[in-house]
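Q:
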Amino acid sequence: MTANTALLLTLVVPLLGAVLIALAGRWPNLRETVTMVTALTLFGLVIRVLMGLNAGEEIGVELVTLFSGVPIAFNTEPLSILFAMIASGLWIVTSIYAIGYMRGTNEKQQTRFYVCFAIALFGAMGVAFSANLLTLFIFYEVLTISTYPLVTHKGDDKAKAGGRTYLGILMTTSIVFLLPAIIWTYAAAGTLDFVPGGILEGHLAAGSATLLLMLFLFGVAKAAVMPVHRWLPAAMVAPTPVSALLHAVAVVKAGVFTLIKVVIYIFGTDYLAEVPYEQFAVYIAGFTVVAASCIALRQTNIKRLLAYSTIGQLSYIIMATMALAPFSEIGAAIHIAAHAFGKITLFFTAGAIYVASKKTEITQLNGIGWRMPYTMTAFAIGALSMIGVPPTAGFVSKWFIIAGAFQLDNYFVLVVLILSTALNAAYFLPIIFNAFFKPEDVTPVKDHAEAPTNMVIALSVTATLTLLFFFFNGPVLDLETQIVGGMP
Amino acid sequence: MLAHLPVLVILAPLLGAPVASLLRGPNWPWLLATLLSWFALLCSVLLLIQVNAQGTFIYTMGGWEAPWGIEYRIDFANALLLVLITGLASVVLPYARLSVEHEIGADRCPLFYTALLLLILGLCGITVTGDAFNVFVFLEVSSLATYTLIAMGKDRRALTASFSYLIMGTIGATFYLIGVGFLYVMTGTLNMADLAERLPAISDSSTVRTAFAFIVTGICLKLALFPLHLWLPNAYTYSPSAVTAFLGATATKVAVYVLIRFVFTIFGVEFSFGAEPLAEVLVPLAIIGLLSASTVSIMQPNIKRMLAYSSVAQIGYIVLGLAMGTAMGLTASLLHVFNHGLMKGALFMVMGAVAYRMGGTSIDDMRGLAKTMPLTFWAFVLGGLSLIGVPLTVGFVSKWHLILAALELGWWPVVVAILAGSMLAVVYVGRVVEAGFFGEPKDATKREAPWGLLVPLWVLVIANIWFGIDTRLTVDIAEAAAAQLMAGGVVR
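Protein sequences, first through last, are from chains A and B.
The first sequence lines up with residues 0 to 487 when you count with numbering that gives the first Met the number 0.
The second sequence lines up with residues 0 to 491 when you count with numbering that gives the first Met the number 0.
1. Please identify the residue among Thr216/B, Gly217/B, Phe181/B whose C-alpha is closest to the C-alpha of Ile201/B.
2. Under a three-way DSSP split, which group does Asn300/A fall into?
3. Pick helix, strand or coil for Gly189/A, following the three-state DSSP scheme.
4. Classify Val82/B: buried if its beta carbon has 16 or more other beta carbons within 10 angstroms, exposed otherwise.
5. Taking Thr330/B as the reference, which of Ala482/B, Phe135/B, Met298/B, Glu100/B has the closest Cα?
6. How far does the beta strand (DSSP E) with Tyr58/B in it reach, from first residue to last?
7. What three-state label does DSSP hand Ser67/A in the structure shown?
8. Skipping 5 residues on each side, what residues in its chain have a beta carbon closer than 6 Å to that of Gly488/B?
9. Between the alpha carbons of Phe84/A and Phe42/A, how many angstroms are there, rounded?
10. Grouping DSSP H, G and I as helix and E and B as strand, with all else coil, what is Glu70/B?
11. Could you give the DSSP three-state label for Leu203/A: helix, strand or coil?
12. Have a look at the DSSP bridge pairing and note the partners of Thr32/A.
13. Below 6 Å CB to CB, which residues in the same chain sit around Phe174/B once its five sequence neighbours on both sides are set aside?
14. Please classify Gly387/A: does DSSP put it in a helix, a strand, or coil?
15. Is any beta-carbon of chain A found at less than 9 Å from that of Thr470/B?
16. Identify every residue that forms a DSSP beta bridge with Thr128/B.
17. Going by alpha carbons, who is nearest to Thr348/A out of Ile367/A, Ala336/A, Ala332/A?
18. Shorter than 9 Å from the beta carbon of Ala481/B to some beta carbon of chain A?
19. Find the nearest neighbour of Tyr307/A within the set Pro325/A, Leu323/A, Phe326/A, Thr287/A, judged by alpha-carbon distance.
20. Just to confirm the assignment, what range does the alpha helix (DSSP H) spanning Gly438/B have?
21. Is the shortest distance between the beta-carbon of Gly129/B and the beta-carbons of chain E less than 9 Å?
22. What does Glu447/B touch in chain A if you count any residue whose Cβ is under 7 Å from its own?
23. Are the CB atoms of Tyr256/B and Asn51/B within a distance shorter than 9 Å?
24. Any residues in the stretch 117–133 of chain A with a beta carbon nearer than 7 Å to a beta carbon of chain B? Which ones, in chain order?
25. For Ala223/B, which three-state DSSP category applies?
26. Whose C-beta lies closer than 7 Å to the C-beta of Val219/A among residues of the same chain, with five residues either side of it excluded?
27. Rounded to a whole number of angstroms, what is the C-alpha to C-alpha distance between Val490/B and Leu321/B?
28. Which residue wins for smallest C-alpha separation from Ala249/A, given the options Met318/A, Ala336/A, Leu214/A?
29. Residues of chain B with CB under 7 Å from Glu140/A, in chain order?
30. Could you pull the DSSP bridge partners for Val60/A from this structure?
31. Quick one: what's Ser361/B bridged to in DSSP?
32. Could you give the first and the last residue of the continuous alpha helix (DSSP H) run that contains Arg471/B?
33. Could you give the distance in angstroms between the alpha-carbon of Gly383/B and the alpha-carbon of Thr294/B?
34. Output the distance between the C-alpha atoms of Ser163/B and Leu231/B, rounded to the nearest integer angstrom.
35. Any beta carbon of chain A sitting closer than 9 Å to that of Ile402/B?
36. I'd like to know whether the C-beta atoms of Ala187/A and Leu199/A end up nearer to each other than 9 Å.
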């Protein structure tokens with residue numbers, strides 16, 4: 000199998016999987032087997048593409064030409080392979096987890112759930128491997144629409160309201176800001192291909208470039224920069240596996256991934272540095288980091304707290320990207336991976352707590368560490384990674400982002416990072432402390448132990464990955480330094 | 000036979016109509032009409048291929064050279080329109096069998112198909128002819144057939160809807176005729192090519208200017224441009240489902256074609272946009288129309304009516320494109336003529352299927368549709384996504400080109416208006432989808448619509464996606480047509 004075939008199959012397989020899951024709907028065990036096989040196959044295919052990329056194979060597939068000069072085309076580069084690896088790899092773990100969660104909570108419409116999940120992964124693969132902005136936009140929308148039934152899964156009024164906010168904000172911003180930004184880029188540059196060094200240089204007036212950057216920043220609402228972030232907390236009405244893989248990894252990372260792509264391959268970092276007032280993006284992202292952390296501090300619901308933490312962490316990535324130092328670009332790329340491992344672990348633990356004890360609020364977690372030791376240890380590891388403490392993944396990316404800040408003497412970034420670390424510690428550490436060292440409430444609602452085994456396995460795997468990434472980040476680092484043309 | 004293609008498209012329904020009225024029972028007239036529409040589609044496709052290969056196709060009626068005789072003149076623009084009309088007829092007719100028998104009753108079926116054939120005849124005639132007066136004749140044929148068809152609706156309000164359309168349509172046609180009369184007085188010809196040749200020399204005269212005003216206003220009434228759209232919502236709401244699907248997809252589009260023909264070919268870009276303030280008049284009306292009609296559709300409890308208002312809004316997009324007076328704008332406009340035909344055809348057919356099972360088309364009838372009639376429901380979702388303009392549907396292709404055209408001119412407020420229109424579409428489509436997805440079915444015993452309705456309707460839905468991905472056919476022809484039209488005049 001050539002790398003090109005593998006690349007095409009990464010799109011075909013999840014779609015085919017969705018069809019098969021739908022057909023197998025009547026037999027739950029067969030259906031879940033299909034999900035697992037699809038996820039494993041997909042990950043294998045992504046690995047094959049990675050091997051092709053490392054071997055220097057020519058990778059690129061063109062399907063049809065939609066508009067003159069803009070085909071639906073796919074290729075790969077270090078950043079896209081990273082995103083694809085994370086999304087497809089964590090899909091395997093999430094599937095194991097989801098089986099336990101969905102059966103443990105007796106959810107309705109499970110077939111629809113797995114079908115939409117597979118389609119969402121199809122969207123994520125498309126976003127990852129798209130060779131131009133239009134292809135990316137198409138799959139970006141696939142991702143939005145396919146996750147809507149997942150967000151509204153419960154079907155009650157709360158889910159409907161959440162779904163409306165979700166779809167409303169994501170659709171509005173993509174139509175009103177992102178689409179015109181793309182068409183404008185096309186009108187100016189005559190192409191939408193992702194080219195190292197960008198395609199816009201010399202095609203836009205100075206003020207227009209600033210406006211265009213703004214359209215991109217707010218158009219890609221999946222990156223959840225304030226004030227277009229409200230869909231993310233709203234999406235928390237979804238079942239936890241959805242929040243874990245989609246709203247901590249696939250969907251939100253598709254957002255920041257799009258922004259990094261735009262910065263590096265559409266504007267080009269050199270050109271963007273000349274755009275007047277381009278630093279506004281750094282300030283908006285920095286503000287989002289601090290504000291989201293402050294809001295997280297006041298949350299009582301575990302999943303909402305995690306949602307606001309995600310918003311803050313995403314803006315880390317955006318801030319690092321927009322800072323435009325080579326080190327910070329690398330840090331941004333690595334933080335995509337680092338945050339993914341940590342945050343999916345945290346969501347997994349939140350779901351495990353819910354399934355085992357029906358608890359959803361932070362205040363209910365006193366003493367739960369002794370009932371669910373694996374889960375709460377995993378929670379601690381995930382939380383430490385969010386704060387950025389060694390030996391966790393979060394430390395690695397923070398290291399690079401700080402290095403980037405020093406490269407440019409950008410003290411704003413530095414201050415934001417320090418402030419955010421303190422705030423993260425302020426809302427995560429008490430939870431860990433209370434879970435292990437505070438006595439349980441006198442009248443325990445329910446006598447319970449750990450969640451179902453496959454859920455515990457899944458969250459242990461991701462927690463281990465969070466630790467391992469601290470020690471063995473070499474390959475990822477080597478790969479991602481290529482996006483800025485080698486280690487600076 | 001190839002040399003006679005343009006007239007064959009006309010002759011098929013013309014000869015079929017009286018025969019259909021003589022046949023008995025609901026099925027024979029239906030079969031005849033369906034076969035004839037397929038034949039007409041075949042001719043249209045061959046014609047398009049012919050035009051693509053050899054350029055403009057001229058057919059002299061009865062061998063009489065213009066200006067004594069009437070000539071049919073097919074270039075890219077009307078070849079595309081012809082494919083749209085006959086294509087939609089070919090899909091709507093198979094659909095009509097069950098739907099019409101259910102809504103109108105078996106005894107009136109022969110008359111229904113007679114009228115429908117006459118409508119197809121009229122619309123095709125307007126499209127192929129190269130004679131300004133001949134346009135009027137076919138316009139009246141199609142209008143009279145339309146009034147009849149609307150009046151056949153089950154609801155008694157169909158009668159008043161038909162009547163008010165009759166009044167408005169007649170005013171429009173009269174305006175058009177007055178304009179053509181003025182032109183005839185000034186130039187002594189009714190042949191479009193001759194008109195285009197002679198008009199530039201006398202374009203300063205107030206008679207020609209008056210003629211322009213009459214013609215544009217008259218046609219705008221027929222194409223339901225805001226604020227001349229008042230006849231449309233009722234007409235679409237109360238006519239039989241199959242008629243709404245066909246009218247919604249084609250009737251106003253043919254009027255748009257006539258407008259384009261007059262503005263670009265006969266009067267020419269320089270006159271229409273230079274000497275006359277066409278853009279200044281049409282652009283604001285188009286924008287107000289698309290925003291206000293979209294807003295109104297959000298509040299409609301009857302979904303057929305909601306889609307009718309959405310049609311008024313979409314006409315705004317189409318007119319906006321042509322009112323830009325550039326090749327790009329015109330391309331977008333022609334594209335949307337074709338694409339909107341596909342999406343509205345599909346959506347109105349969905350409503351026909353809902354009416355068939357649920358007995359109504361209000362939002363209450365749509366509740367819980369995802370459970371009771373999943374195939375119908377998902378067809379609505381896909382059609383709705385196309386209406387919003389989501390990528391990989393035809394709606395996206397139109398919107399892309401329209402925004403590109405507005406950007407080329409630097410018309411930023413227009414870009415904002417177009418996007419705002421899409422947002423309103425998200426709301427009015429979303430509200431129906433939400434009801435269908437989460438609502439409790441009004442009657443849970445109802446089941447999926449019969450295949451006789453589902454197959455034609457899904458053919459159109461798939462066309463919405465097909466032409467959203469494979470844009471070669473539509474975009475290339477629309478671009479070629481726009482280039483031809485912008486070149487002005489008519490190539491002899």
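We put the beta carbon where it would ideally sit given N, CA and C, even for glycine.
A: On the basis of the supplied data:
1. The sequence position of residue 201/B within the second sequence is 202, counting from 1. Nearest of Thr216/B, Gly217/B, Phe181/B to Ile201/B, Cα basis: Phe181/B.
2. Translated into positions along the first sequence, residue 300/A becomes position 301. Asn300/A falls in the strand class under three-state DSSP.
3. Sequence index remark: in the first sequence, residue 189/A carries index 190 (1-based). Correct three-state label for Gly189/A: coil.
4. Residue mapping note: residue 82/B aligns to position 83 of the second sequence, counting from 1. Buried: at least 16 other Cβ atoms inside 10 Å.
5. Locating residue 330/B in the second sequence gives position 331, where the first residue counts as 1. Minimum Cα distance to Thr330/B is reached at Ala482/B.
6. Here residue 58/B corresponds to residue number 59 of the second sequence, with the count starting at 1. First-last of the beta strand (DSSP E) with Tyr58/B: 56–59.
7. Counted from its first residue, the first sequence places residue 67/A at position 68. Here Ser67/A sits in coil by DSSP.
8. Translated into the one-based positions of the second sequence, residue 488/B becomes position 489. Because the pLDDT at Gly488/B is just 49, under 50, the model does not fix this residue reliably, and the point stays unresolved.
9. As a first step, residue 84/A must be located in the first sequence, where it is residue number 85. As a first step, residue 42/A must be located in the first sequence, where it is residue number 43. The sequence given here has Met at residue 84/A, not Phe. Looking at the two C-alpha atoms, the distance is approximately 7 Å.
10. As a working note, residue 70/B is residue 71 in the second sequence. Correct three-state label for Glu70/B: strand.
11. The residue you call residue 203/A lines up with position 204 of the first sequence. Of the three classes helix, strand and coil, the one that applies to Leu203/A here is coil, per DSSP.
12. Taking the first residue of the first sequence as position 1, residue 32/A is located at position 33. None, per the DSSP bridge assignment.
13. Here the question's residue 174/B lines up with position 175 in the second sequence. Counting only Cβ-Cβ distances below 6 Å, and skipping sequence neighbours, we find Phe213, Thr216, Gly217.
14. Translated into positions along the first sequence, residue 387/A becomes position 388. Coil, per DSSP.
15. As a first step, residue 470/B is located in the second sequence; it is residue number 471 there, counting from the start. At least one chain A Cβ lies under 9 Å of Thr470/B.
16. Walking along the second sequence from the start, residue 128/B turns up at place 129. Looking at the DSSP assignment, Thr128/B forms a beta bridge with Tyr71/B.
17. In the first sequence, counting from the first residue as 1, residue 348/A sits at position 349. The candidate whose alpha carbon is nearest that of Thr348/A is Ile367/A.
18. For the purposes of this step, residue 481/B is taken as the residue at position 482 of the second sequence. Not one chain A Cβ lies under 9 Å of Ala481/B.
19. Within the first sequence, residue 307/A is the residue found at index 308, counting from 1. Taking only the C-alpha atoms, the option nearest Tyr307/A is Thr287/A.
20. Position 439 of the second sequence, counted from the first residue, corresponds to residue 438/B. No alpha helix (DSSP H) contains Gly438/B, which DSSP labels as neither H nor E.
21. No chain E appears in this structure, whose protein chains are A and B.
22. For the purposes of this step, residue 447/B is identified with residue 448 of the second sequence, where counting begins at 1. By Cβ distance, chain A contributes nothing, its closest Cβ being about 17 Å from Glu447/B, past 7 Å.
23. Locating residue 51/B in the second sequence gives position 52, counting from the first residue. Locating residue 256/B in the second sequence gives position 257, counting from the first residue. No, the pair does not count as a contact, with Cβ atoms beyond the cut-off.
24. none
25. If you number the second sequence from 1, residue 223/B lands on position 224. Note: Ala223/B maps to coil in three-state DSSP.
26. What you label residue 219/A is simply residue 220 of the first sequence in a count that begins at 1. Around Val219/A: Leu177, Gly254, Thr257, Leu258.
27. Here residue 490/B is taken as the residue at index 491 of the second sequence, counted from 1. Here residue 321/B is taken as the residue at index 322 of the second sequence, counted from 1. Legend: pLDDT at Val490/B = 44, less than 50; position of this residue unreliable, no value from coordinates given.
28. In the first sequence, residue 249/A corresponds to position 250, counting from 1. When only C-alpha atoms are compared, the closest one is Ala336/A.
29. The residue given as residue 140/A occupies position 141 in the first sequence. The answer, in chain order, is Val389, Pro390.
30. Counting from one through the first sequence, the residue named residue 60/A turns up at place 61. In the DSSP output, where bridge partners are listed per residue, Val60/A has Phe73/A.
31. For the purposes of this step, residue 361/B is taken as residue 362 along the second sequence, with counting starting at 1. Partner(s): Asn301/B.
32. Here residue 471/B refers to the residue found at position 472 of the second sequence. Taken as a continuous stretch (DSSP letters only), the alpha helix (DSSP H) holding Arg471/B covers 471–485.
33. The count along the second sequence starts at 1 and reaches residue 383/B at position 384. The count along the second sequence starts at 1 and reaches residue 294/B at position 295. The straight-line gap from Cα to Cα measures roughly 16 Å.
34. Walking along the second sequence from the start, residue 163/B turns up at place 164. Walking along the second sequence from the start, residue 231/B turns up at place 232. The straight-line gap from Cα to Cα measures roughly 9 Å.
35. The residue given as residue 402/B occupies position 403 in the second sequence. Yes, its Cβ sits closer than 9 Å to a Cβ of chain A.
36. Numbered from its first residue, the first sequence carries residue 187/A at position 188. Numbered from its first residue, the first sequence carries residue 199/A at position 200. Going by C-beta atoms, Ala187/A is nearer than 9 Å to Leu199/A.
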